[in-house]
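Enquirer:
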């Protein structure tokens, strides 16, 4: 079936969800897991599933996205094509986004219909370019074919208190779709399963003629919105043969479901912390490797004991080119070419890359963007009130240090220490 499928990876221009992390880049190429980009998960899964034709569709011009596809996916150029926006563009430096040229996905799909509506393709798979998930594409394609569905919705079950930030699928007692609710204040529960709601992952598999007809029908409407989920998927779900593909049924306790929509910075951090757990650990994921060429360093990764202080690493991911001198990392993700000074401690931190952490510093529950230089003895994440005076603090209490910052060079330094952040002791190792 994969030879008759075209995938369309939707690379969004959302700037609000990940806040400061997308100030200078599009969400799809935000760093993740030390040396990857968010879009790498979708592209890896599609190629491993055997999909031969993969279109990356954007609502903006993002130079960083084009560069990443050209460099990190050079071995798969024949199978990946980036479709640029069709409206007039202005050249912006690096990764700047075009302002005030927002388009609906329905507009962009229609503008690129010649590429999507190919007679040799029987099915169109729309995939979000900013989601983190295990590879389920092959199972989805098989399920869609066996059920002879015209539209298959990829869904997950979430606790009812979390459902309001998603599109919720209202079901009847026969598990048939009644409606799709857009971030409802009072989400519909799953019949016979109180306390849970069925939500869309916003990944959809269409029979090609069904999608094309839905796009044209919606385009003729002069009133109302032209939203892909509410106005096309929501309408088709009541008119064609629809099936639900529940990601939760694919996995077990040994291989738990892993899907994150990354609605905010806390989700972004939480998804990386989950990758460090035993069942999800990055170094054990050889059965589902990311196919992109990782950002590599020209220098080797070094871990050196300094003045009798050993390097201590627990449940952490260390990218290439890092220099760790007598430092401590607990449940942290450390990107390419980071330097950790003597007796520095990272606890549940994410360093995006090319960062320098001075000796005797402590960083707890923080996201450090690229090219940040932290002075020796600096403490981040332990004093929320002080941190909030300088940095962005998420609802979950995470500290976000913006790209290129120099932190702590004019502040009072912390004393030399043998202590650890709250909740961590020497027995942790």
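Numbering (our numbering), first residue to last: 750 to 1178. The beta-carbon is built from N, C-alpha and C at its ideal position, and this holds for glycine as well. Keep in mind it's a predicted model, so treat the numbers as computed, not measured.
Going by DSSP, which residues form a beta bridge with residue 1132?
Expert: Indexing the chain shown from 1 puts residue 1132 at position 383. BP columns for residue 1132 are empty, so no partner.
Enquirer: Is the separation between the beta-carbon of residue 1052 and that of residue 1064 shorter than 9 Å?
Expert: As a first step, residue 1052 is located in the chain shown; it is residue number 303 there, counting from the start. As a first step, residue 1064 is located in the chain shown; it is residue number 315 there, counting from the start. Contact flag unset, no.
Enquirer: Starting from residue 829 and walking both ways along the beta strand (DSSP E), at which residues does that stretch end?
Expert: Residue 829 sits at position 80 when you count from the first residue of the chain shown. Residues 829-832.
Enquirer: Note down, in chain order, each residue of its chain lying with its Cβ closer than 7 Å to the Cβ of residue 910, except the 5 sequence neighbours on either side.
Expert: For the purposes of this step, residue 910 is taken as the residue at position 161 of the chain shown. Closer than 7 Å at the Cβ level, and outside the excluded window around residue 910, lies no residue.
Enquirer: Indicate whether residue 999 and residue 885 have their beta-carbon atoms separated by less than 9 Å.
Expert: Along the chain shown, read from residue 1 onward, the residue named residue 999 stands at position 250. Along the chain shown, read from residue 1 onward, the residue named residue 885 stands at position 136. It is a contact, given that the beta carbons lie within the stated cut-off.
Enquirer: If you check the beta carbons only, do residue 817 and residue 788 fall under 9 Å apart?
Expert: Working through the chain shown from its first residue, we reach residue 817 at position 68. Working through the chain shown from its first residue, we reach residue 788 at position 39. Closer than 9 Å, so yes.
Enquirer: Is the region 1017-1024 close to the region 1121-1134, with three or more CB pairs under 8 Å?
Expert: Touching, no.
Enquirer: Can you tell me whether residue 931 is buried or exposed? The criterion is at least 16 other CB atoms within 10 Å of its CB, across all chains shown.
Expert: Taking the chain shown and counting its residues from 1, the one referred to as residue 931 is at position 182. Flag for residue 931 reads exposed.
Enquirer: State the Cα-Cα distance for the pair residue 1193 and residue 806, rounded to the nearest angstrom.
Expert: With the chain covering 750 to 1178 only, the question about residue 1193 has no answer from this structure.
Enquirer: Which residue wins for smallest C-alpha separation from residue 978, given the options 918, 880, 1128 and 834?
Expert: The residue labelled residue 978 in the question sits at position 229 within the chain shown. Answer by Cα proximity: 918.
Enquirer: Considering only DSSP beta bridges, list what residue 752 is partnered with.
Expert: Here residue 752 corresponds to residue number 3 of the chain shown, with the count starting at 1. BP columns for residue 752 are empty, so no partner.
Enquirer: On the premise that residue 1084 lies in contact with residue 823, defined as a C-beta separation below 8 Å, what is that separation, rounded to the nearest angstrom?
Expert: As a working mapping, residue 823 is identified with position 74 in the chain shown. As a working mapping, residue 1084 is identified with position 335 in the chain shown. The pair is not a contact, with the Cβ atoms about 21 Å apart (cut-off 8 Å).
Enquirer: Rounded C-beta distance between residue 893 and residue 954? I'm assuming under 8 Å.
Expert: On the chain shown, residue 893 is found 144 positions in, with the first residue counted as 1. On the chain shown, residue 954 is found 205 positions in, with the first residue counted as 1. Contact holds; Cβ gap of about 5 Å.
Enquirer: Could you check whether the region 1095-1114 touches the region 1066-1077, counting it as contact only if at least three pairs of C-beta atoms, one from each stretch, sit closer than 8 Å?
Expert: Touching, per the Cβ criterion.
Enquirer: Starting from residue 1115 and walking both ways along the beta strand (DSSP E), at which residues does that stretch end?
Expert: Stepping through the chain shown from its first residue, residue 1115 is reached at position 366. Per DSSP, residue 1115 belongs to the beta strand (DSSP E) from 1115-1117.
Enquirer: Just to confirm, are residue 761 and residue 775 a CB contact at a threshold of 9 Å?
Expert: Taking the first residue of the chain shown as 1, we reach residue 761 at position 12. Taking the first residue of the chain shown as 1, we reach residue 775 at position 26. Going by C-beta atoms, residue 761 is nearer than 9 Å to residue 775.
Enquirer: Please report how far the alpha carbon of residue 1090 lies from the alpha carbon of residue 812, in whole angstroms.
Expert: Start at 1 with the first residue of the chain shown, and residue 1090 comes out as number 341. Start at 1 with the first residue of the chain shown, and residue 812 comes out as number 63. Residue 1090 and residue 812: Cα-Cα distance of roughly 34 Å.
Enquirer: Kindly indicate which residue of 1039, 1082 and 956 has the alpha-carbon position closest to the one of residue 1066.
Expert: As a position in the chain shown, residue 1066 is number 317, starting the count at 1. Of the listed residues, the one whose Cα sits closest to residue 1066 is 1082.
Enquirer: Identify the continuous alpha helix (DSSP H) that holds residue 855 and give its terminal residues.
Expert: In the chain shown, residue 855 corresponds to position 106, counting from 1. Note, residue 855: alpha helix (DSSP H), 854-860.
Enquirer: Given a cut-off of 9 Å on the beta-carbon distance, is the pair residue 991 and residue 1138 in contact?
Expert: Taking the first residue of the chain shown as position 1, residue 991 is located at position 242. Taking the first residue of the chain shown as position 1, residue 1138 is located at position 389. No, these two residues do not count as a Cβ contact at 9 Å.
Enquirer: Look up residue 1058 in the DSSP assignment and give the residues it is bridged to.
Expert: Counting from 1 along the chain shown, the entry for residue 1058 is found at position 309. Partner(s): 1055.
Enquirer: Return yes when the Cβ of residue 1146 is within less than 9 Å of the Cβ of residue 1114, no when it is not.
Expert: Start at 1 with the first residue of the chain shown, and residue 1114 comes out as number 365. Start at 1 with the first residue of the chain shown, and residue 1146 comes out as number 397. Yes.
Enquirer: What would DSSP say about residue 794, mapped onto helix, strand or coil?
Expert: For the purposes of this step, residue 794 is taken as residue 45 along the chain shown, with counting starting at 1. Helix at residue 794.
Enquirer: Can you list, in chain order, the residues of its chain with a C-beta nearer than 7 Å to that of residue 952? Leave out the 5 residues immediately preceding and following it.
Expert: Indexing the chain shown from 1 puts residue 952 at position 203. Excluding residues within five positions, the ones whose Cβ falls inside 7 Å are 875, 876, 877 and 903.
Enquirer: Look up residue 1140 in the DSSP assignment and say whether it is helix, strand or coil.
Expert: In the chain shown, counting from the first residue as 1, residue 1140 sits at position 391. Here residue 1140 sits in coil by DSSP.
Enquirer: Classify residue 934: buried if its beta carbon has 16 or more other beta carbons within 10 angstroms, exposed otherwise.
Expert: Sequence index remark: in the chain shown, residue 934 carries index 185 (1-based). Exposed is the call here.
Enquirer: Whole angstroms are fine: how far does the CA of residue 1096 sit from the CA of residue 1128?
Expert: As a working note, residue 1128 is residue 379 in the chain shown. As a working note, residue 1096 is residue 347 in the chain shown. Their backbone Cα atoms lie some 12 Å apart in a straight line.
Enquirer: Whose CA, out of 759, 830 and 772, lies closest to the CA of residue 803?
Expert: Position 54 of the chain shown, counting from 1, holds the residue named residue 803. The candidate whose alpha carbon is nearest that of residue 803 is 830.
Enquirer: Under a three-way DSSP split, which group does residue 951 fall into?
Expert: Stepping through the chain shown from its first residue, residue 951 is reached at position 202. Here residue 951 sits in strand by DSSP.
Enquirer: Rounded to whole angstroms, how far is the Cβ of residue 860 from the Cβ of residue 995, which I believe are closer than 8 Å?
Expert: Here residue 860 refers to the residue found at position 111 when the chain shown is read from its first residue. Here residue 995 refers to the residue found at position 246 when the chain shown is read from its first residue. That pair is no contact at about 33 Å.
Enquirer: Measuring alpha carbon to alpha carbon, tell me which of 1059, 1086 and 1062 ends up nearest residue 740.
Expert: Since the first residue of the chain shown is 750 and the last is 1178, residue 740 is not available in this structure.
Enquirer: When the Cα of residue 891 is compared with those of 976, 752, 1013 and 808, which residue comes out closest?
Expert: Locating residue 891 in the chain shown gives position 142, where the first residue counts as 1. If we check each option's Cα against that of residue 891, 752 comes out closest.
Enquirer: Just tell me which of 1060, 767, 882 and 1125 has its CA closest to the CA of residue 1015.
Expert: For the purposes of this step, residue 1015 is taken as the residue at position 266 of the chain shown. The option with the nearest alpha carbon to residue 1015 is 767.
Enquirer: Excluding sequence positions up to five away, which residues of its chain have a Cβ less than 8 Å from the Cβ of residue 938?
Expert: Here residue 938 is taken as the residue at index 189 of the chain shown, counted from 1. So the qualifying residues of the chain are 909, 944, 945 and 946.
Enquirer: Is it the case that the Cβ atoms of residue 1040 and residue 793 are separated by a distance below 9 Å?
Expert: As a working mapping, residue 1040 is identified with position 291 in the chain shown. As a working mapping, residue 793 is identified with position 44 in the chain shown. A contact, by the Cβ cut-off of 9 Å.
Enquirer: Between residue 754 and the rest of its own chain, which residues show a CB-CB distance below 7 Å, the 5 nearest in sequence each way excluded?
Expert: Position 5 of the chain shown, counting from 1, holds the residue named residue 754. Taken in chain order, the residues that qualify are 800, 870, 872, 874 and 890.
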